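Note sheet for the following structure.
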Amino acid sequence: MTSPNGPAPAPDDSPLPARPRLIATDLDGTLLHDDKYVSDRTIAALAAAEEAGIEVFFVTGRPARWMDVVSEHVHGHGLAICANGAAVVDLHAGGKLLQVRPLERDTALAVVHALRDAAPGTTFAVEQSTGIHYEPTYPPFHQDPGATVATAEKLLQVQERVQEQAQGEQAEDGSAAPVLKLLAHHPDLTPDGFLAVARTAVGDRATITRSSPSALLEVSGPGVSKASTLALCCAQRGISSDEVVAFGDMPNDLEMLTWAGTSYAMGNAHPDVLAAASGRTVTNNEDGVAIVIEQIVARRLADER
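Take any residue in the sequence shown, count from 1 to its spot, add 24: that is its number in this note's numbering.
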């Protein structure tokens, strides 16, 4: 395959898999340029992979409602994994939720209390399947003007409405919707320092990771990650981890990169990601994902001749 920008080799330490069946790629800092758009070169590479019989999964920390930037570029199955593995959505159907792996509300409350004790000054947001809600002192989400502003305890303590939902009576304000993840922000701690404090305080009660350059943590249910949900989707297709190529740049990609048979850290990746991946490509702004896909497709076409 020849791209509009001409061929560009991946770095020498980047292995090319023999016969991959699925490509799993993060979005922000990985597939998307820093302007949050997909380049023409990457669009062409994604289409070429699908045409060559290689499925592409977008695997992101983003919620389904923020997937418009790539919804036109998913082919075939139309699926994406959102909220760090808490949701599988159908982008062909406008982001319809097909599977949810929620964070139980009592677990989320326990995490809130643990982090308030371990890192005073922490503020929280609650990401639900219907939207995000946050505390008064949490950095506001300008993308979600309809968010409810209240304490985390108030946002999470709606057990009676959860019971109504189970009986088929959805609350009008959506407050009974599943919790996909809890977000925790600290104004002073370093990002990695906050992550270490939180994991020590919470233990195995929840999965805690991060993808932001600020001290913003993402909390999912125990065992919920990009990797575990991707593994479920692959198992449904009869695809093994050895047949998966994964791309990422931040700590929330680590499990996925180590699970996949072949993985690439972006040139702009976090040091832990650079150390964990089996290979490395150039930065997101240099179309690092597209470069590797072009080489994979070119080799497959050559093998078929």
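Glycine included, each C-beta is placed from N, C-alpha and C at the ideal position.
Computed from a prediction, not measured in an experiment: that's the story for all the values here.
Beta-carbon proximity check, residue i vs residue j, cutoff 8 Å
i    : j    : result
I47  : V203 : no
A209 : P163 : Inspection of the sequence shows that residue 209 is occupied by His rather than by Ala. For H209 and P163, yes; Cβs fall inside 8 Å.
A108 : S265 : Per the sequence shown, the amino acid found at residue 108 is Asn instead of Ala. Cβ atoms of N108 and S265: not closer than 8 Å.
D58  : N276 : no
K241 : L207 : Inspection of the sequence shows that residue 241 is occupied by Leu rather than by Lys. Yes; because the gap between Cβ atoms is below 8 Å, this pair is in contact.
G272 : V297 : yes
A69  : E328 : no
D10  : G102 : Here the chain has residues from 25 to 329 only, and residue 10 is not among them.
V248 : A110 : yes
T224 : P246 : no
Where residue i falls: helix, strand or coil (DSSP)
i    : result
R65  : helix
K205 : strand
V306 : coil
Q183 : At Q183 the pLDDT is 49, less than 50, meaning the model places this residue with poor confidence; the figure from the coordinates comes in the next sentence. Reduced to three states, the DSSP call for Q183 is helix.
A301 : coil
A110 : coil
E267 : helix
R86  : coil
A259 : helix
V321 : helix
E79  : strand
A222 : helix
V243 : strand
T95  : Rather than Thr, the amino acid found at residue 95 in this sequence is Ser. Helix at S95.
Buried or exposed by the 16-neighbour rule on C-beta atoms within 10 Å, applied to residue i
i    : result
Y158 : buried
T131 : buried
Y61  : exposed
P295 : exposed
R43  : exposed
A326 : exposed
R324 : buried
E177 : exposed
A220 : exposed
Exercise. Between the stretch 107–125 and the stretch 48–59, do three or more beta carbon pairs fall short of 8 Å?
Worked result: no
For this session: Pick out the complete alpha helix (DSSP H) segments inside the stretch 100–172, 4 residues or longer, and give them in chain order.
Result: 129–142
For this session: Count the C-beta pairs between the stretch 82–89 and the stretch 295–315 that are closer than 8 Å, then say yes if the count reaches three, no if not.
Result: no
Exercise. Would the stretch 77–85 and the stretch 299–308 be scored as touching if the rule is three or more Cβ pairs under 8 Å?
Worked result: no
Exercise. Per the contact definition of three or more C-beta pairs closer than 8 Å, is the stretch 248–259 in contact with the stretch 136–152?
Worked result: no
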